[in-house]
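Visitor:
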Amino acid sequence: MSFATSRHECTARVPAMKRTLPIIIVLLAIVLVWYAAAIGMNAQWQNDVYRRADITNVPATQFIIDTWNQEKPVLPTAHQVFGELWNSTALVAPNKPRSLIFHAWVTFSATALGFVMGSLLGIALAVMIVHNEAMNRSLMPWIVASQTIPILALAPLIVVIGFNIFTGTMGIPTDPARLMSKAIISAYLSFFPVAVGMVKGLRSPEAIQLDLMHTYSASANQTFWKLRWPAAMPYLFASLKVGVAASLVGAIVGELPTGAVAGLGARLLAGSYYSQTIQIWAALFAASILAALLVIAVGIVERLVNRAMGARPA
Amino acid sequence: MSQLQYFLSLVTGGVCAAALALSLVTPFETGLLLKTFLALGVLSLIRFILPLGLWIDGILALLGAAAVLISIGVFTPTPPYFWMALVAAWLFGWLFVERLSKTLAPRLSDNGGLGLLIPVVFGLSILVIWEVATRAGNVPQVILPPPSMIWARITASVPTLFADFQQTFLKAVLIGYVLGCGLGFVVAILIDRSPFLKSGLLPLGNFVSALPIVGVAPIMVMWFGFDWPSKAAVVIIMTFFPMLVNTVAGLNASSAIERDLMRTYAAGYWQTLMKLRLPAAGPFIFNALKINSTLALIGAIVAEFFGTPIVGMGFRISTEVGRMNVDMVWAEIAVAAVAGSVFYGVIVLIERAVTFWHPSVRGA
Amino acid sequence: MGPNAVVSAQNLGLTFKTNDGDVVALSDVSLTIDKGEFVSFIGPSGCGKTTFLRTIADLEQPTSGTLRINGQTPENARRERAYGYVFQAPALYPWRTIEKNVALPLEIMGYSGSQQAERIKRTMDLVNLSGFEKKYPWQLSGGMQQRASIARALAFDADLLLMDEPFGALDEIVRDHLNSELLKLWAATQKTICFVTHSIPEAVYLSTKIVVMSPRPGRVTDVIESDLPRERPLDIRETPEFLAIAVRVRDGLRAGHSYEEHV
Ligand SMILES: Nc1ncnc2c1ncn2[C@@H]1O[C@H](COP(=O)(O)OP(=O)(O)O)[C@@H](O)[C@H]1O
Ligand SMILES: [Mg+2]
């Protein structure tokens with residue numbers, strides 16, 4: 007017994023340093039490759055620039071530094087991307103359209119709204135599926151099948167038509183309408199993983215555990231709250247993490263077809279129209295940071311819930 | 002009869018009775034089929050005295066659906082009892098499915114065709130309701146075209162749809178998928194011998210899997226041009242990491258005792274890899290292949306939103322949405338859905354053949 | 052250590068380093084196993100039986116003392132495929148048929164196709180599994196799976212067979228049956244067998260020599276030579292000679308146990 011626990015602790019405690027070191031080295035290698043590639047990929051343009059300006063005999067170091075600092079490089083370098091990130095977050099008021107925080111907020115709000123709607127829907131559906139055999143047999147095959155369908159293809163349709171319905175038929179102002187139509191895509195994307203994961207989770211208690219509840223002659227309600235729901239928690243959070251990432255993808259893609267001017271997706275699109283590569287990369291990194299923050303946030307909630315449920319901190 | 006079934010039967014009969022009463026004000030000949038269905042529906046209330054077989058509910062549901070579909074054009078405006086008949090038909094369908102699944106429930110596996118019937122009934126009822134609601138309800142086509150119209154559009158635009166399919170699926174998706182999965186697999190095998198690289202790349206790979214990678218699409222379009230290679234590049238990036246992470250995990254999936262066994266034979270690295278670790282990794286690799294099949298299609302279609310030559314599924318969807326040709330958009334989505342499911346289905350079939358030994362496949 | 056020694060251990064010690072400190076799994080184990088012997092290792096769990104077997108198989112490295120297999124280091128013995136190992140679980144590969152599982156070591160060791168076929172047939176006959184060649188492991192009962200894993204260990208004709216509680220997970224009826232089959236197989240093949248068990252009757256019934264071990268630290272407390280005849284029907288277990296040996300084994304185990312209580 008003591009042997010088993012000691013083994014467990016040793017993986018958690020000892021190699022904190024050992025675990026991060028390889029990651030750091032690999033990251034460093036990526037940055038190295040990145041800068042090396044930037045020289046090659048930006049070289050042609052740099053040569054054109056020199057030719058047009060009639061500059062010859064550029065020293066190699068100058069050439070390299072120039073390729074790393076072009077205005078519209080084929081491959082922007084890390085310091086350019088992070089510089090742009092810094093400039094468009096810290097140095098701009100967050101309510102200006104120049105600010106990436108502004109765009110990230112627009113995307114985040116659609117993501118969050120859609121994620122909440124999708125997760126609630128997914129959980130509700132899973133509860134119904136687990137409790138009703140007809141629901142299970144009718145819906146489960148379709149839910150599984152629908153995961154194989156490129157749902158994102160629907161995005162332009164939902165955004166444009168949804169937007170028109172919201173503003174036209176329902177008379178909602180444009181901004182909330184745009185938010186709602188993006189949130190629907192987000193909800194749509196996050197609902198599948200949550201529903202599937204929750205069905206798995208609610209079914210995870212073993213037969214003997216269910217039999218035990220049966221011997222207590224527990225009601226379906228009691229079995230649900232005392233056994234199925236707590237047993238489903240790990241599954242719920244695992245699928246919420248997938249779901250929140252999918253929600254973000256949905257919101258970003260939802261910003262592509264509307265000609266929207268706000269949001270990280272709109273930044274990507276605008277960047278690609280005007281060949282603003284640094285802007286594209288900055289938006290991409292901002293989206294990645296947002297994704298990481300969202301997943302981490304779900305992880306924190308998971309830990310809080312685990313603690314509230316009295317689980318041993320891992 | 003369970004509580005739910007009791008309740009459903011009562012409500013269904015009641016709806017039929019009310020609708021029948023409402024329909025009596027119209028001349029006798031109009032909507033005769035509808036009235037027949039409603040009368041039979043009222044008659045089904047005798048089940049409280051004399052039990053009715055579940056197939057009767059199925060037939061009534063079918064009859065109701067047919068009656069409603071046939072009489073769509075008959076009325077202007079659509080009277081309330083028409084909608085009530087639709088509801089009644091749907092309730093009969095529900096009742097049928099509920100009773101069928103109750104009788105099937107004890108026999109969890111091995112109910113062959115009958116088990117399949119339930120989701121089919123569900124899918125059909127969605128289609129019928131969609132068709133009836135959009136046509137009888139005069140829903141504007143730009144909002145939601147009826148399925149029949151989408152089908153007509155599909156049959157009328159086969160050449161366009163095929164050209165798009167060829168551009169997006171046969172070129173971008175398949176080529177990107179094969180290269181991305183292949184690359185992920187090869188890199189996984191290469192880093193397998195280095196624990197250092199593994200512990201450095203794996204967390205990164207896991208992290209990247211959570212990122213909105215489709216966002217690289219504009220960059221790829223800039224680098225590789227408008228045509229399919231840029232889409233294939235997006236697909237490669239999207240499919241690479243799931244394959245890498247899953248293959249590495251799969252290569253570690255063999256148990257200690259199985260590896261000890263190979264050691265007692267003094268088997269070399271490659272022998273252990275080929276005879277033990279790769280076969281054991283099979284389920285993981287197929288898991289990645291399945292995840293990637295969906296990702297690949299998404300990646301290719303979304304990448305086309307950032308610029309394409311004038312062909313491709315994503316291109317068609319975004320331009321036809323702009324022109325409010327919604328039926329074409331739905332036709333394209335239907336093609337994408339079929340392509341996606343067939344793609345996935347083929348991989349599942351191969352998986353069944355290759356990892357036949359795995360409990361998850363054996364059990365099914 | 053005579054020329055016949057298949058396994059010879061001198062003052063063998065093995066200490067595992069763990070986070071909780073050191074675990075002495077083997078301490079000062081000296082033992083010689085001669086060719087053709089059937090040696091059982093018996094003792095409470097955690098006394099180092101598995102560790103000793105794994106050390107012979109070069110799956111663990113001793114931290115002190117010397118160990119020779121056929122006069123060689125364990126590593127060289129392993130490279131020469133000197134032994135077949137039967138694990139506690141069958142560890143058959145589920146994607147291979149039974150005959151392909153038996154063929155696994157033969158493929159690795161580079162036997163030709165015809166040699167493989169001939170050996171598969173012979174060993175499958177030996178463990179009474181003929182007719183099940185094309186089945187997959189999961190289609191067989193636990194007892195049959197374990198027999199297949201024995202066939203796999205026999206297939207390449209190593210003279211030494213290491214068996215770690217091979218029948219531990221089986222019920223008593225199947226176990227009795229497999230025990231008598233194992234004895235027949237041993238008589239037919241003349242192999243040297245090291246056999247780990249929890250069960251006193253099993254140890255006495257099978258062995259020519261019984262090694263009693265005790266835990267903390269794992270060491271040998273008694274080595275009992277059995278003078279039962281090599282030919283052993285199942286009802287030999289009711290004879291006074293059998294019971295006398297069983298009593299000695301039990302006393303040995305108890306002695307190890309009382310030592311533990313004094314600590
Ligand atoms: N890999 C290992 N690391 C640390 N301790 C181990 C390891 N393997 C076995 N042990 C310890 O060594 C002792 C002997 O184990 P083992 O040989 O498996 O006993 P047995 O087979 O007799 O039950 C036990 O205390 C066990 O906990
Ligand atoms: Mg053991």
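Keeping their order, the protein sequence lines are chains A, B and C. Taking the numbering used here, I'd label the letters of the first sequence as residues 7 to 320. Taking the numbering used here, I'd label the letters of the second sequence as residues 2 to 365. Taking the numbering used here, I'd label the letters of the third sequence as residues 52 to 314. All C-beta atoms, glycine included, are put in the ideal place defined by N, C-alpha and C.
#1: Once the 5 residues before and after Thr11(A) are set aside, which same chain residues still bring their CB inside 8 Å of it?
#2: For the candidate residues Ala49(A), Phe169(A), Asp60(A), whose alpha-carbon lies nearest to that of Ala66(A)?
#3: Sorted by chain position, which residues of the same chain lie with C-beta nearer than 7 Å to Ala335(B)'s C-beta, five sequence neighbours on each side aside?
#4: Below 7 Å, is the gap between the Cβ of Ala76(C) and the nearest heavy atom of ligand 3?
#5: Can you give me the Cβ contacts of Ile178(A) inside the same chain, cut-off strictly under 6 Å, excluding the 5 residues immediately before and after it?
#6: Ser213(C) and Ala108(C): beta carbons closer than 8 Å?
#7: By DSSP, does Thr11(A) sit in helix, in strand, or in coil?
#8: Is there at least one non-hydrogen atom of ligand 2 closer than 7 Å to the beta-carbon of Ala292(C)?
#9: Can you give me the C-alpha to C-alpha distance between Thr320(B) and Thr283(A), rounded to a whole angstrom?
#10: Cβ atoms of Phe121(A) and Ser253(A): under 8 Å apart, would you say?
#11: For the alpha helix (DSSP H) that Lys254(A) lies in, which residues bound it at each end?
#12: Val235(B) and Val217(B) - do their beta-carbons sit closer together than 8 Å?
#13: Thinking C-alpha only, which one of Asn170(A), Ile258(A), Ile29(A) is nearest Pro204(B)?
#14: Applying the 10 Å Cβ sphere with the 16-neighbour rule, what's the burial state of Gln197(C)?
#15: List the residues of chain A that Pro219(B) touches, going by C-beta distances under 8 Å, in chain order.
#16: What residue range is occupied by the uninterrupted beta strand (DSSP E) comprising Cys245(C)?
#17: My guess is that Asp165(B) and Glu333(B) are in contact by the Cβ rule of under 8 Å, so how many angstroms apart are they, rounded?
#18: Along chain B, which residues have their Cβ under 8 Å away from the Cβ of Met323(C)?
#19: When you measure from the CB of Asp217(A) to every non-hydrogen atom of ligand 2, does any distance come out below 7 Å?
#20: Given a cut-off of 8 Å, decide if Val122(B) and Val98(B) are closer than it, judged by their beta-carbon atoms.
#21: Can you tell me which of the three DSSP states Asp165(B) falls into?
#22: Any C-beta of chain B sitting closer than 8 Å to the C-beta of Pro240(A)?
#23: How far does the alpha helix (DSSP H) with Tyr7(B) in it reach, from first residue to last?
#24: How about Ser102(B) and Arg143(A): are their beta carbons less than 8 Å apart?
#25: With DSSP collapsed to three states, give me the class of Cys16(A).
#26: Using a Cβ-Cβ distance under 8 Å, would Asp165(B) count as near chain C?
#27: Would you say Val20(A) lies against chain B (beta-carbon separation less than 8 Å)?
#28: Under three-state DSSP, which class holds Ile178(A)?
#29: Thinking just about the alpha-carbon of each residue, which of Trp111(A), Trp92(A), Asn93(A) is nearest to the one in Asn101(A)?
#30: Identify the contact partners of Gln272(B) in chain C, using a Cβ-Cβ distance below 7 Å as the criterion.
#31: Sort out for me which residues DSSP pairs Thr83(C) with in a bridge.
#32: Leaving out five residues on either side along the sequence, give the residues of the same chain with a beta carbon under 6 Å from the beta carbon of Phe218(C).
#33: Closer than 7 Å by beta-carbon distance: list the chain B residues that pair up with Leu155(C), in chain order.
#34: Find the nearest neighbour of Val58(C) within the set Tyr144(C), Ala133(C), Pro252(C), Gly94(C), judged by alpha-carbon distance.
#35: Give me the pocket residues for ligand 2, defined as CB within less than 7 Å of any heavy atom, sorted by chain position.
#36: Taking the alpha carbon of His85(A) as the point to measure from, which residue in Phe108(A), Tyr41(A), Pro103(A), Arg273(A) has its own alpha carbon closest?
Guide: In terms of the structure at hand:
#1: With a pLDDT of only 33 at Thr11(A), under the threshold of 50, the placement of this residue in the model should not be trusted; the figure read from the coordinates follows. Here the set comprises nothing.
#2: Ala49(A)
#3: Ile151, Ile155
#4: Absence of ligand 3 is noted for the structure shown, with ligand 1 and ligand 2 being the only ligands found.
#5: Phe172
#6: Note on residue identity: the sequence assigns Leu, not Ser, to residue 213(C). Yes, the Cβ-Cβ distance between Leu213(C) and Ala108(C) is below 8 Å.
#7: Note on Thr11(A): pLDDT 33, under 50, position unreliable in the model; no value is reported.
#8: Reading off the sequence, residue 292(C) comes out as Glu, not Ala. Because no heavy atom of ligand 2 lies under 7 Å away, the Cβ of Glu292(C) does not count as near it: no.
#9: 25 Å
#10: yes
#11: According to the sequence displayed, residue 254(A) carries Leu and not Lys. Unbroken alpha helix (DSSP H) run through Leu254(A): 235-260.
#12: yes
#13: Ile29(A)
#14: buried
#15: Leu274, Leu275, Gly277, Ser278, Ile286
#16: 243-248
#17: 7 Å
#18: It is not possible to answer for residue 323(C), since the shown part of chain C is limited to 52 through 314.
#19: no
#20: yes
#21: helix
#22: no
#23: 4-24
#24: yes
#25: Here the model assigns Cys16(A) a pLDDT of 40, short of 50, so the residue's position is not dependable, and the following value carries that caveat. Residue state, collapsed to three classes: helix.
#26: no
#27: Since pLDDT at Val20(A) reaches only 49, below the 50 mark, its modelled position is unreliable, and the value read off the structure follows with that caveat. By this cut-off, Val20(A) is not an interface position.
#28: coil
#29: Trp111(A)
#30: Ile159
#31: Ser59(C)
#32: Arg226, Leu229
#33: Lys276
#34: Ala133(C)
#35: Ser96(C), Lys100(C), Thr101(C), Gln139(C), Asp215(C), Glu216(C), Val247(C)
#36: Tyr41(A)
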